[in-house]
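Numbering (the working numbering), first residue to last: 8 to 99. Yeah, the Cβ is synthetic: ideal placement off N, Cα and C, and Gly gets one too. This report refers to the structure that appears directly beneath it.
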């Protein structure tokens, strides 16, 4: 789990039961770049699926434009300068 707004860039990894990642791995193989955008952990006993699909809070929405821009910058850095440099600059 990654805290809200934090980024994690990496190469490869498991699918953790995520059908989209399973499909990508099947089509491309396991060695593709990933940029994870953290949304935090479900509070209390909330189901993970409910938490992932819920709307962002008003506080989170206020930060979202900046965070999406930062995510896009991390992808540009990844493509231009490579994984190690992008991880150093953007993994939080």
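Scanning the stretch 46-77 from its first residue to its last, the whole alpha helix (DSSP H) runs of 4-plus residues come out as 55-60.
The three-state reading of DSSP puts residue 42 in strand, counting E and B together. Annotation: the continuous alpha helix (DSSP H) that includes residue 27 extends over 26-35.
With distances taken between CA atoms, residue 49 lies nearest to 60 out of 84, 60, 19 and 35. Here residue 86 is not bridged, per DSSP, to any residue.
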